[in-house]
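Residue numbers (full-length UniProt numbering): 1 to 412.
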């Protein structure tokens with residue numbers, strides 16, 4: 001009798017286990033690796049179709065609302081379920097994206113999952129300016145104003161917040177990748193998605209092994225924090241001097257953070273940048289002619305100055321084809337740019353930026369045109385030499401040897 005009871009109990013456990021596995025497989029089959037959000041009229045038969053097929057060819061399980069919904073299903077609930085169940089969301093923000101209420105609802109749900117559950121979000125800004133998405137300019141404002149006449153103000157406000165939030169996440173700007181070559185852009189997205197999905201195997205490890213792995217990974221991550229934060233205004237120096245300096249520093253074995261880092265894809269750029277500044281030992285702002293036109297550059301510079309004051313961080317400015325006196329006195333193009341900012345930002349931010357420019361403009365640094373008659377290769381060598389010296393002996397930075405070049409003239 002006892003033996004029979006044991007047999008029945010084991011049979012019951014086995015049946016429950018089978019049911020559990022079936023339910024697990026059923027739930028898993030409804031989940032996707034990637035959710036694509038896009039405005040059909042803009043990209044359905046072009047870029048989105050190319051990206052979708054490339055992801056599928058790479059073995060990625062992709063949801064797109066063209067063909068993933070069974071006939072008769074309620075589109076809203078099914079899409080929301082797909083968003084919540086996917087591992088990665090890729091909103092393709094195109095020119096007419098905000099015209100679609102469905103796109104905006106999808107984006108709102110995507111950003112909600114990003115904030116509450118840490119879902120990976122890799123935005124593609126397709127032939128649009130990120131600033132227009134962030135501030136709802138041009139077509140975005142026109143579309144949202146129209147929605148305000150048809151939908152509740154609360155819902156439209158949520159859509160605005162979602163657009164602003166997604167614009168803060170580092171993604172791909174289609175027109176700046178390989179000069180607008182969409183094939184290269186798709187390759188980059190597929191590579192990033194494949195890399196992200198490979199990391200999810202850790203989730204299937206037993207808890208103890210997973211905790212050990214994560215501990216070791218965190219230790220390795222901390223040990224590999226950047227030593228140098230490189231700040232620059234992209235249009236001025238990204239493809240020239242800044243790129244040359246970055247590559248040369250890395251080749252010298254120095255860990256460098258530049259905000260073009262592909263590892264920033266899917267991350268809150270502002271948080272990552274300020275965190276990198278806080279943890280760097282040296283900051284190198286490349287002050288170019290239009291540096292002050294960028295509010296991001298000014299925010300970074302203010303953070304560097306704050307870290308110098310509170311943590312003793314080193315700042316090694318490079319005055320690239322500008323006079324330090326223009327920076328120090330906030331004159332010429334720096335004065336013009338700051339005057340424009342004064343009309344747009346609050347007083348406390350403006351004062352921080354102004355003080356940062358004055359302090360850095362008064363600091364010892366390199367004046368590019370005074371180094372070997374403007375020979376940038378020699379300048380890069382000097383920067384690497386000084387950085388290496390500071391990293392080896394942090395206390396010997398002031399005064400540097402050999403002395404750095406600085407323009408002591410006053411602006412007229």
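Beta carbons are placed, not taken as given, at the ideal position from N, Cα and C, and that holds for glycine.
Rounded Cβ spacing between residue 139 and residue 96 (contact assumed at less than 8 angstroms) | Here residue 139 is taken as the residue at index 139 of the chain shown, counted from 1. Here residue 96 is taken as the residue at index 96 of the chain shown, counted from 1. Indeed they touch by this definition, with Cβ atoms about 7 angstroms apart.
Give a single yes or no on whether residue 360 has its beta carbon closer than 8 angstroms to a heavy atom of the ligand PLP.
-> Inclusion of the ligand PLP in the displayed structure is not the case, the ligand content being empty and no account of it being possible.
Taking C-beta to C-beta, are residue 62 and residue 38 nearer than 9 angstroms?
-> Position 62 of the chain shown holds residue 62. Position 38 of the chain shown holds residue 38. Not in contact: residue 62 and residue 38 (Cβ atoms no closer than 9 angstroms).
Applying the criterion that 16 or more other CB atoms from any shown protein chain within 10 Å of the CB defines a buried residue, is residue 163 buried or exposed?
-> Counted from its first residue, the chain shown places residue 163 at position 163. With 16 or more other Cβ atoms within 10 Å, it is buried.
Taking residue 380 and residue 274 to be in contact with their CB atoms under 8 angstroms, please state how far apart those CB atoms are, rounded to whole angstroms.
-> On the chain shown, position 380 is the one that residue 380 refers to. On the chain shown, position 274 is the one that residue 274 refers to. With a Cβ gap of about 26 angstroms, residue 380 and residue 274 do not count as contacting.
Taking the Cβ atom as the reference point for each residue, do residue 316 and residue 256 lie within a distance shorter than 9 angstroms?
-> Within the chain shown, the letter at position 316 stands for residue 316. Within the chain shown, the letter at position 256 stands for residue 256. No, these two residues do not count as a Cβ contact at 9 angstroms.
Return the CA-CA distance between residue 170 and residue 227, expressed in angstroms with no decimal places.
-> Numbered from 1 along the chain shown, position 170 holds the residue referred to as residue 170. Numbered from 1 along the chain shown, position 227 holds the residue referred to as residue 227. Distance between the alpha carbons of residue 170 and residue 227 is about 22 angstroms.
Cβ neighbour criterion (16 or more within 10 Å) applied to residue 42 = Taking the first residue of the chain shown as 1, we reach residue 42 at position 42. In the assembly as shown, residue 42 is a buried residue. Its beta-carbon has 16 or more other beta-carbons within 10 Å.
Are there three or more Cβ pairs, one per stretch, closer than 8 angstroms when the segment 299-312 is compared with the segment 325-337?
-> no
What three-state label does DSSP hand residue 377 in the structure shown?
-> As a first step, residue 377 is located in the chain shown; it is residue number 377 there, counting from the start. Reduced to three states, the DSSP call for residue 377 is helix.
What separation, rounded to the nearest whole angstrom, lies between the Cα atoms of residue 25 and residue 225?
-> Here residue 25 refers to the residue found at position 25 of the chain shown. Here residue 225 refers to the residue found at position 225 of the chain shown. Here residue 25 scores only 38 on pLDDT, less than 50, and its place in the model should not be relied on; the value that follows carries that caveat. Cα to Cα, the separation comes out at about 40 angstroms.
Is the segment 40-60 touching the segment 87-94 in the sense that three or more CB pairs, one from each, lie closer than 8 angstroms?
-> The answer is yes - the segment 40-60 touches the segment 87-94, with three or more Cβ pairs under 8 angstroms.
Residues near residue 382 by beta carbon distance below 6 angstroms, same chain, minus five either side = Counting from 1 along the chain shown, the entry for residue 382 is found at position 382. Contacts found: none.
Spatially closest choice to residue 40 from 320, 52, 31 and 32, by CA coordinates = Your numbering for residue 40 matches position 40 in the chain shown. Of the listed residues, the one whose Cα sits closest to residue 40 is 52.
Span of the alpha helix (DSSP H), counted from its first residue to its last, around residue 140 | Stepping through the chain shown from its first residue, residue 140 is reached at position 140. Its alpha helix (DSSP H) spans residues 139-148.
Please classify residue 34: does DSSP put it in a helix, a strand, or coil?
-> Taking the chain shown and counting its residues from 1, the one referred to as residue 34 is at position 34. Residue 34 falls in the strand class under three-state DSSP.
Roughly how many angstroms separate the alpha carbons of residue 376 and residue 238, rounded to a whole number?
-> Your numbering for residue 376 matches position 376 in the chain shown. Your numbering for residue 238 matches position 238 in the chain shown. Roughly 14 angstroms separates the two Cα atoms.
Going by alpha carbons, who is nearest to residue 293 out of 101, 111 and 342?
-> The sequence position of residue 293 within the chain shown is 293, counting from 1. Among 101, 111 and 342, the Cα nearest to that of residue 293 is on 342.
Span of the beta strand (DSSP E), counted from its first residue to its last, around residue 258 = Reading the chain shown from its first residue, position 258 is the one you call residue 258. Annotation: the continuous beta strand (DSSP E) that includes residue 258 extends over 256-258.
Specify, as a first and last residue, the run of the beta strand (DSSP E) that residue 324 falls within.
-> In the chain shown, the residue the question calls residue 324 occupies position 324. Where residue 324 is concerned, there is no enclosing beta strand (DSSP E), although the alpha helix (DSSP H) it sits in stretches over 324-328.
For residue 84, collect the residues of the same chain with a Cβ closer than 7 angstroms to its Cβ; drop the 5 residues on either side in sequence, then sort them by chain order.
-> Numbered from 1 along the chain shown, position 84 holds the residue referred to as residue 84. Once the five neighbours on either side are set aside, the close Cβ partners of residue 84 are 113.
CB of residue 105 within 9 angstroms of CB of residue 31, strictly | Counting from one through the chain shown, the residue named residue 105 turns up at place 105. Counting from one through the chain shown, the residue named residue 31 turns up at place 31. No, the Cβ-Cβ distance between residue 105 and residue 31 is not below 9 angstroms.
Hey, could you find the ends of the alpha helix (DSSP H) residue 247 is sitting in?
-> For this step, residue 247 is matched to residue 247 along the chain shown. 241-251 is the extent of the alpha helix (DSSP H) around residue 247.
Quick one: residues in its chain with C-beta nearer than 7 angstroms to the C-beta of residue 177, no 5 flanking neighbours on either side, listed in chain order?
-> What you label residue 177 is simply residue 177 of the chain shown in a count that begins at 1. Taken in chain order, the residues that qualify are 184, 185 and 188.
Locate the alpha helix (DSSP H) running through residue 231, then write down its first and last residues.
-> By 1-based counting over the chain shown, the position of residue 231 is 231. No alpha helix (DSSP H) contains residue 231, which is instead part of the beta strand (DSSP E) from 228-232.
Mapping DSSP to helix, strand and coil, what is residue 285?
-> Counted from its first residue, the chain shown places residue 285 at position 285. The answer is strand: DSSP assigns residue 285 an E or B state.
In three-state DSSP terms, what is residue 161?
-> Along the chain shown, read from residue 1 onward, the residue named residue 161 stands at position 161. Here DSSP, grouped into helix, strand and coil, assigns residue 161 to helix.
Buried or exposed for residue 142, please, with buried defined as at least 16 other CB atoms from any protein chain shown within 10 angstroms of its CB.
-> Your numbering for residue 142 matches position 142 in the chain shown. Exposed is the label assigned to residue 142, since fewer than 16 other Cβ atoms lie within 10 Å of its Cβ.
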